[in-house]
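Trainee: Residue 696 in the UniProt record's numbering sits at position 696 of the sequence shown, and the numbers go up by one each step. For each residue, glycine too, the CB sits at the ideal point set by N, CA and C.
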Amino acid sequence: MKLHPLLPAGVGFGLLFAVAVLSAVLAVRQSAQVLAVVAALGGFAAPVLASTGSNQPLGLFGYLLVINLGIALIAWFRAWRLLNLIGFVATFALASGWARQYYEPGQFAVAQTFLLIFFLLFTAIGLLFARCTLADAPEADSAPLAARAWQTLQRVGRVGSTLVFGVPMAAFGMQYLLVQPWEYGAAFAALGYGLFYVLLGRLVFATQPRGLALLAEAYAVVGVIFGTLAIPLGLEGQWTGAAWAVEAAGMYWLGTRQARPYARAFALLVLAGAVFKLLQATSIVALPDGPLLAGSFIGPLLVAVASLAVWLLQRRAGLDRPTAPSLQWEMLASHALPWLGMGALTLLPWQWWTPSWAAAATAVLGLMAWLAARRWHLGETFSATGYGLQALALGSFLATLHRAEGGQVLAGGWPGMAQALLIAGSLMTTAVLAMRRVAKTAQARDVAPNWDWAQVLTVLAGTSLLHLAMLFQVSLAQAALIWPLTALAVLWAALRLQHGPLALLAAVLPVVAALVQPGSWTTESLAPFGHLGFWVPVVLGLSALVAADWLRRETARPRPHGHGRFGLSAIGRPWVRWTPVLWGLGWWLLAMLDESARVLRQQGWADHVPAAWLGVLLLTSAAAALLAVRRNWRELGLSTLGTVPAFVLVAAIAWFGTWGVPLLWPVLLFLGEPLPAVYVPSAALGWLAWTLAALWHLRLLRTQERWLAPAALAALHAAGFWLFLLLAMRQGQWLSGQWGEPGSSWRWLGWAVVPAVALWLLRSPALGRRWPLAAFNHAYLGVAALPVALGLLVWLWLGNVVSAGDAAPLPYVPLLNPLELGQWLVLAGLVLWWRTAPLGRADSELASAGTVIAAVTALALLTGLVLRVCHHYAGVPWDFDALYASTLAQAALSITWALCGVAAMVAGHRRVRRVLWMAGAALLAVVVLKLFFVELADSGGLFRIVSFIGVGALLLLVGYFAPVPPARAAEARQDDPASPPQPAGGAHP
Numbered sequence: 001m002k003l004h005p006l007l008p009a010g011v012g013f014g015l016l017f018a019v020a021v022l023s024a025v026l027a028v029r030q031s032a033q034v035l036a037v038v039a040a041l042g043g044f045a046a047p048v049l050a051s052t053g054s055n056q057p058l059g060l061f062g063y064l065l066v067i068n069l070g071i072a073l074i075a076w077f078r079a080w081r082l083l084n085l086i087g088f089v090a091t092f093a094l095a096s097g098w099a100r101q102y103y104e105p106g107q108f109a110v111a112q113t114f115l116l117i118f119f120l121l122f123t124a125i126g127l128l129f130a131r132c133t134l135a136d137a138p139e140a141d142s143a144p145l146a147a148r149a150w151q152t153l154q155r156v157g158r159v160g161s162t163l164v165f166g167v168p169m170a171a172f173g174m175q176y177l178l179v180q181p182w183e184y185g186a187a188f189a190a191l192g193y194g195l196f197y198v199l200l201g202r203l204v205f206a207t208q209p210r211g212l213a214l215l216a217e218a219y220a221v222v223g224v225i226f227g228t229l230a231i232p233l234g235l236e237g238q239w240t241g242a243a244w245a246v247e248a249a250g251m252y253w254l255g256t257r258q259a260r261p262y263a264r265a266f267a268l269l270v271l272a273g274a275v276f277k278l279l280q281a282t283s284i285v286a287l288p289d290g291p292l293l294a295g296s297f298i299g300p301l302l303v304a305v306a307s308l309a310v311w312l313l314q315r316r317a318g319l320d321r322p323t324a325p326s327l328q329w330e331m332l333a334s335h336a337l338p339w340l341g342m343g344a345l346t347l348l349p350w351q352w353w354t355p356s357w358a359a360a361a362t363a364v365l366g367l368m369a370w371l372a373a374r375r376w377h378l379g380e381t382f383s384a385t386g387y388g389l390q391a392l393a394l395g396s397f398l399a400t401l402h403r404a405e406g407g408q409v410l411a412g413g414w415p416g417m418a419q420a421l422l423i424a425g426s427l428m429t430t431a432v433l434a435m436r437r438v439a440k441t442a443q444a445r446d447v448a449p450n451w452d453w454a455q456v457l458t459v460l461a462g463t464s465l466l467h468l469a470m471l472f473q474v475s476l477a478q479a480a481l482i483w484p485l486t487a488l489a490v491l492w493a494a495l496r497l498q499h500g501p502l503a504l505l506a507a508v509l510p511v512v513a514a515l516v517q518p519g520s521w522t523t524e525s526l527a528p529f530g531h532l533g534f535w536v537p538v539v540l541g542l543s544a545l546v547a548a549d550w551l552r553r554e555t556a557r558p559r560p561h562g563h564g565r566f567g568l569s570a571i572g573r574p575w576v577r578w579t580p581v582l583w584g585l586g587w588w589l590l591a592m593l594d595e596s597a598r599v600l601r602q603q604g605w606a607d608h609v610p611a612a613w614l615g616v617l618l619l620t621s622a623a624a625a626l627l628a629v630r631r632n633w634r635e636l637g638l639s640t641l642g643t644v645p646a647f648v649l650v651a652a653i654a655w656f657g658t659w660g661v662p663l664l665w666p667v668l669l670f671l672g673e674p675l676p677a678v679y680v681p682s683a684a685l686g687w688l689a690w691t692l693a694a695l696w697h698l699r700l701l702r703t704q705e706r707w708l709a710p711a712a713l714a715a716l717h718a719a720g721f722w723l724f725l726l727l728a729m730r731q732g733q734w735l736s737g738q739w740g741e742p743g744s745s746w747r748w749l750g751w752a753v754v755p756a757v758a759l760w761l762l763r764s765p766a767l768g769r770r771w772p773l774a775a776f777n778h779a780y781l782g783v784a785a786l787p788v789a790l791g792l793l794v795w796l797w798l799g800n801v802v803s804a805g806d807a808a809p810l811p812y813v814p815l816l817n818p819l820e821l822g823q824w825l826v827l828a829g830l831v832l833w834w835r836t837a838p839l840g841r842a843d844s845e846l847a848s849a850g851t852v853i854a855a856v857t858a859l860a861l862l863t864g865l866v867l868r869v870c871h872h873y874a875g876v877p878w879d880f881d882a883l884y885a886s887t888l889a890q891a892a893l894s895i896t897w898a899l900c901g902v903a904a905m906v907a908g909h910r911r912v913r914r915v916l917w918m919a920g921a922a923l924l925a926v927v928v929l930k931l932f933f934v935e936l937a938d939s940g941g942l943f944r945i946v947s948f949i950g951v952g953a954l955l956l957l958v959g960y961f962a963p964v965p966p967a968r969a970a971e972a973r974q975d976d977p978a979s980p981p982q983p984a985g986g987a988h989p
């Protein structure tokens, strides 16, 4: 009609309407669904085809009402799904097209009236359709809900569900456009729709056949959806979340009572929406002294109550332990609901107080949650929420900490300390109550307790925070003084509870204290022995020793069966027992040695530092040995092994440098500085300190026999002997140096007298029968004396070559000057020692070698004596070239060596020692060669003639009186008492 207006619009519209009505009647009479569909399509196409573009909503809606009444009438007799769908879609499509193009607020009454009519009409059509298809086929009550729903959908098909759920959605969409100008129009409309569907569901469930029970439930669900939708449309976000939370709790209760999983699932979705709205209504406020969050009070409270109520309903109904795979989501919800509830409740303190106080309140809330779970047996999930809240409190509180400007470490003062103590108290209460139950159970079974991760982390966090709380009122130095003492309390608890991580924390605390301790080297103006730089190391050392004693006692106690999780299985390892002993002694010695040196330097007594250090070492070693003996403490007793090395260190520091200058002389020489005075052991009370050290060394060796093997003891005896011998040598050298002038041989005498006397004493039979020589004879005569003997031998040769034997202020007298007296005394001591030394008696070849070395050394000493006589009495300079060029010196050496050779030959002949005789002969041969190659060069010299005559005469005499002794076999017979004696002379070669 729009393209070819053959008929007027009114006439054409009437004809189309007539065709549609007649087609519908004919379709019903002949049960022809296709004809009914064609009639409906023609009826709905008529207003489109006959439209003139005028805005006449009354005529349009009236026409649509007539067509839809016809469809409803058909639905009374025939359950034609497609026809119902065409009516619903076409009606709301035409109405929506008109509203989008022509609607004006003045047309509200007409549009609202027909909207309600169409809404009721299609709701009735859907009910009629469902009644026709379901009334005659009820499901068995015993069938599962899923099976009954599937059967229903098979019968109803998509059209039925489309009318049930599509009609309210489409109608409310148009309703929202109509009431949009009013403030709460949409909310009241949603509320009205919800009430209508709830009442309709109740009516259907009460009056219709039981086959329509599922339809009644669907109507109820639609009503609930509209009621839920009314809340955000009428309220703000915070109230929306609160209302949805309450609605979710009620809906879940109803779903639990009626065993409707879909109702419970929808309730959980609504609760999730409530949480989302709550978070949306909560904002972060960036105020320095205010709360962190801003939001309502009622929202978090109702969300928390609803979440916990739903969770309790789940537990009561046993839904947190599903048996069917399709209900696994309920188990997941049961784990999330306690966290949602407690999390919502936690929002309140963060909206009321500053972050630090809110963190403390969160910790208390976590403690309450954990106590509630423990008291009413609410399960591990609810206990975990308590731990989680406490972890949140701890982390958030640590995030609020910042450095203070005054003496304290952390800003916040007493309030900050109170907050930290609240959090730490909640953590410790949780940990103590949890661990007490585990400890009682383990004690009753006589097994080691098994701690879980939550208990371990909680007690460690609580204990650490207790120590951190101190920093709100004290400095790091003061905390370093306190923490080692509190570490003892932590260790006591760890040992009592058999708690390994707690014991590890007790070990970490002193380490932290050591890292932050101030030290006494920061200033020289500190009070003597009255500042933290001294007392912190002292407390570190003493507390570590107490801890070591506790560990020793713990290892000696009977252990429960098994090791247990996070137990003290490592306590029996050697490094665990040794570490606190060494740590404690180290800090104690550091404090005492450093402070004593600092105080003496302050008073101008720096030269007394070695004696003071020796006193500290003596007292420490004596106390350690006494305590180790009384408490049977092997580790502390073995620590006294460091006494001698400590003495050596003190002596080395005192020897190679003075206080305040570098210790190495080469550095001083390179820098052009004068060398410091060499240390004198007796100076500045050193005589008393070193004497006490030597006496204590001997007493300590006797005590150490209960802890050490003989080999280790022998090494200590030797080390102590060397140390005190060196000190005595230095003292003797200094004393002898005071008797003579600089450059004289008195200084050489000091180095040799003490070790020579020591060798004489070591071979003494009286001392050999007493301890320690009786028990450690080899250690002293062999191991300890051998380096001394070698050193003396080197001294003999070096002094013989270097020193001219000047005895100023006394005149030089051969054999009676300091150098030569010392040389012959040393040589005698070496010979006597070698005869009694285990090494010399054990091997004949070594014994022979020692005799040869002694003879050669004696010849060298006699040679030096002759040359020094020439130097002092003949004026020959003490120089190699001058002495070599001196005919007097050469003649004196030739006669002296010849006399020595003759004496050796005579002795060899008388003792029938062929080797000795041949050694003398060799020496005479050397003298003869010397005469020809050295003295013969001095032609015409008096001393050459004297040397030739003297040597010749000696050769003549020795040839007559000391012929060669018999061979080795004859020597053996001579040694045999049964053989006849041989004449002393007579046989000539």
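Helix or strand or just coil, what does DSSP make of A548?
Mentor: Here residue 548 corresponds to residue number 548 of the sequence shown, with the count starting at 1. Of the three classes helix, strand and coil, the one that applies to A548 here is helix, per DSSP.
Trainee: Is it a yes or a no for the stretch 426-436 touching the stretch 444-463, going by three-plus beta-carbon pairs under 8 Å?
Mentor: Result yes; three or more Cβ-Cβ pairs closer than 8 Å.
Trainee: Could you check which residue in L923, P168, L279, L212 has the C-alpha nearest to that of L229?
Mentor: Position 229 of the sequence shown, counted from the first residue, corresponds to residue 229. Comparing Cα positions, the closest option is P168.
Trainee: Quick check: the Cα distance between V156 and V204, rounded to an integer number of angstroms?
Mentor: Taking the sequence shown and counting its residues from 1, the one referred to as residue 156 is at position 156. Taking the sequence shown and counting its residues from 1, the one referred to as residue 204 is at position 204. Note that V156 scores 44 on pLDDT, short of 50, meaning its location in the model is unreliable and no value can be drawn from it.
Trainee: Report back the beta-carbon spacing between T385 and W339 to the nearest angstrom; my notes put them in contact at under 8 Å.
Mentor: One-based indexing of the sequence shown puts residue 385 at position 385. One-based indexing of the sequence shown puts residue 339 at position 339. Right, their Cβ atoms sit about 6 Å apart.
Trainee: I need the DSSP call for A807, collapsed to helix, strand or coil.
Mentor: Translated into positions along the sequence shown, residue 807 becomes position 807. Three-state DSSP puts A807 in coil, outside helix and strand.
Trainee: Measuring CA to CA, which of W575, P681, R573, T400 is closest to D607?
Mentor: The residue given as residue 607 occupies position 607 in the sequence shown. Of the candidates W575, P681, R573, T400, the one whose C-alpha sits nearest the C-alpha of D607 is P681.
Trainee: Pick helix, strand or coil for R321, following the three-state DSSP scheme.
Mentor: Against the sequence shown, residue 321 aligns to sequence position 321. R321 falls in the coil class under three-state DSSP.
Trainee: What's the C-alpha gap between T458 and R374?
Mentor: The residue you call residue 458 lines up with position 458 of the sequence shown. The residue you call residue 374 lines up with position 374 of the sequence shown. Distance between the alpha carbons of T458 and R374: 16 Å.
Trainee: Per DSSP, I225 is paired with what?
Mentor: Indexing the sequence shown from 1 puts residue 225 at position 225. Note: I225 sits in no beta bridge, so no partner.
Trainee: Just the C-alpha distance for T640 and S621, rounded to the nearest angstrom, thanks.
Mentor: The residue you call residue 640 lines up with position 640 of the sequence shown. The residue you call residue 621 lines up with position 621 of the sequence shown. Those two C-alpha atoms are separated by around 6 Å.
Trainee: Taking only three categories from DSSP, how would you classify L35?
Mentor: Counting from one through the sequence shown, the residue named residue 35 turns up at place 35. DSSP places L35 in helix when its eight states are reduced to three.
Trainee: I'd like the list of long-range same chain contacts for W535, defined as Cβ closer than 7 Å, with 5 residues on each side in sequence excluded.
Mentor: Translated into the one-based positions of the sequence shown, residue 535 becomes position 535. Only L481 meet the Cβ criterion.
Trainee: For A808, which option in L293, W746, W707, D289 has the closest C-alpha, if you only look at C-alpha atoms?
Mentor: Residue numbering aside, residue 808 sits at position 808 when the sequence shown is read from its first letter. Answer by Cα proximity: W746.
Trainee: In the DSSP assignment, find the unbroken alpha helix (DSSP H) run with R835 in it and report its ends.
Mentor: On the sequence shown, residue 835 is found 835 positions in, with the first residue counted as 1. Taken as a continuous stretch (DSSP letters only), the alpha helix (DSSP H) holding R835 covers 818-836.
Trainee: Could you name the residues of the same chain whose beta carbon sits closer than 6 Å to that of L308, not counting the 5 residues immediately before and after it, in chain order?
Mentor: The residue labelled residue 308 in the question sits at position 308 within the sequence shown. For L308, where only same-chain residues beyond five positions count, the Cβ hits under 6 Å are G341.
Trainee: Excluding sequence positions up to five away, which residues of its chain have a Cβ less than 6 Å from the Cβ of G732?
Mentor: Numbered from 1 along the sequence shown, position 732 holds the residue referred to as residue 732. Counting only Cβ-Cβ distances below 6 Å, and skipping sequence neighbours, we find G750, V753, V754.
Trainee: Please report the distance separating the alpha-carbon of W659 from that of L600.
Mentor: To locate residue 659, count along the sequence shown from 1; it is residue 659. To locate residue 600, count along the sequence shown from 1; it is residue 600. Confidence in W659 is poor, its pLDDT being 41 and thus under 50, which makes the residue's placement unreliable; the coordinate value appears in the next sentence. Each residue's alpha carbon lies about 11 Å from the other.
Trainee: Here's the rule: buried if 16 or more other CB atoms are within 10 angstroms of the residue's CB, otherwise exposed. What is G805?
Mentor: Walking along the sequence shown from the start, residue 805 turns up at place 805. Buried, by the Cβ-count rule.
Trainee: Pull up the DSSP beta-bridge partners for R403, would you.
Mentor: Stepping through the sequence shown from its first residue, residue 403 is reached at position 403. The partner list for R403 (beta bridge, DSSP) reads L410.
Trainee: Check each candidate in L200, T207, A213 and name the one with the smallest Cα separation from S222.
Mentor: Residue numbering aside, residue 222 sits at position 222 when the sequence shown is read from its first letter. Checking the sequence shown, residue 222 turns out to be Val, not Ser. Taking only the C-alpha atoms, the option nearest V222 is L200.
Trainee: T400 to S356, Cα distance in whole Å?
Mentor: Within the sequence shown, numbered from 1, the residue matching residue 400 stands at position 400. Within the sequence shown, numbered from 1, the residue matching residue 356 stands at position 356. Answer to the nearest angstrom: the Cα atoms are 6 Å apart.
Trainee: Here's the rule I'm using: 16 or more other beta-carbon atoms within 10 Å means buried, otherwise exposed. How should G541 be labelled?
Mentor: For this step, residue 541 is matched to residue 541 along the sequence shown. By the neighbour-count rule (16 or more Cβ atoms within 10 Å), G541 is buried.
Trainee: Using beta-carbon positions only, say whether L685 and A611 come within less than 8 Å of one another.
Mentor: The count along the sequence shown starts at 1 and reaches residue 685 at position 685. The count along the sequence shown starts at 1 and reaches residue 611 at position 611. Yes, the Cβ-Cβ distance between L685 and A611 is below 8 Å.
Trainee: Helix or strand or just coil, what does DSSP make of L638?
Mentor: To locate residue 638, count along the sequence shown from 1; it is residue 638. Correct three-state label for L638: helix.
Trainee: What is the DSSP secondary structure of A372, reduced to helix, strand or coil?
Mentor: Position 372 of the sequence shown, counting from 1, holds the residue named residue 372. Helix.
Trainee: So what's A75 in DSSP terms, helix, strand or just coil?
Mentor: Residue mapping note: residue 75 aligns to position 75 of the sequence shown, counting from 1. DSSP places A75 in helix when its eight states are reduced to three.
Trainee: Should E405 be labelled buried (16 or more other beta-carbon atoms within 10 Å of its own) or exposed?
Mentor: Counting from one through the sequence shown, the residue named residue 405 turns up at place 405. Its Cβ having fewer than 16 others within 10 Å, E405 is exposed.
Trainee: Within this structure, are the beta carbons of A171 and L121 separated by less than 8 Å?
Mentor: Here the question's residue 171 lines up with position 171 in the sequence shown. Here the question's residue 121 lines up with position 121 in the sequence shown. Not in contact: A171 and L121 (Cβ atoms no closer than 8 Å).
Trainee: Give the secondary structure of S283 by DSSP, where H, G and I count as helix, E and B as strand, and everything else as coil.
Mentor: On the sequence shown, position 283 is the one that residue 283 refers to. Reduced to three states, the DSSP call for S283 is strand.
Trainee: May I have the straight-line CA-CA distance separating L545 from P449, to the nearest angstrom?
Mentor: Your numbering for residue 545 matches position 545 in the sequence shown. Your numbering for residue 449 matches position 449 in the sequence shown. Taking the straight line joining both Cα atoms gives about 27 Å.
Trainee: Which two residues bound the contiguous alpha helix (DSSP H) that contains M331?
Mentor: Residue 331 sits at position 331 when you count from the first residue of the sequence shown. Where M331 is concerned, the enclosing alpha helix (DSSP H) stretches over 328-352.
Trainee: Using the beta-carbon count (16 or more within 10 Å), is W376 buried or exposed?
Mentor: Numbered from 1 along the sequence shown, position 376 holds the residue referred to as residue 376. Exposed is the call here.
Trainee: Let me know the secondary structure DSSP gives V447 once reduced to three states.
Mentor: As a position in the sequence shown, residue 447 is number 447, starting the count at 1. Note: V447 maps to strand in three-state DSSP.
Trainee: Could you round the C-beta distance between G791 and Q823 to whole angstroms and report it? I think they count as a contact, below 8 Å.
Mentor: Counted from its first residue, the sequence shown places residue 791 at position 791. Counted from its first residue, the sequence shown places residue 823 at position 823. Actually they are not in contact, since the Cβ atoms of G791 and Q823 sit about 14 Å apart, beyond 8 Å.
Trainee: Tell me which residues share the same chain as P105 and place their Cβ nearer than 7 Å to its Cβ, disregarding the 5 neighbours each side in the sequence.
Mentor: Residue 105 sits at position 105 when you count from the first residue of the sequence shown. Result list for P105: P181, in chain order.
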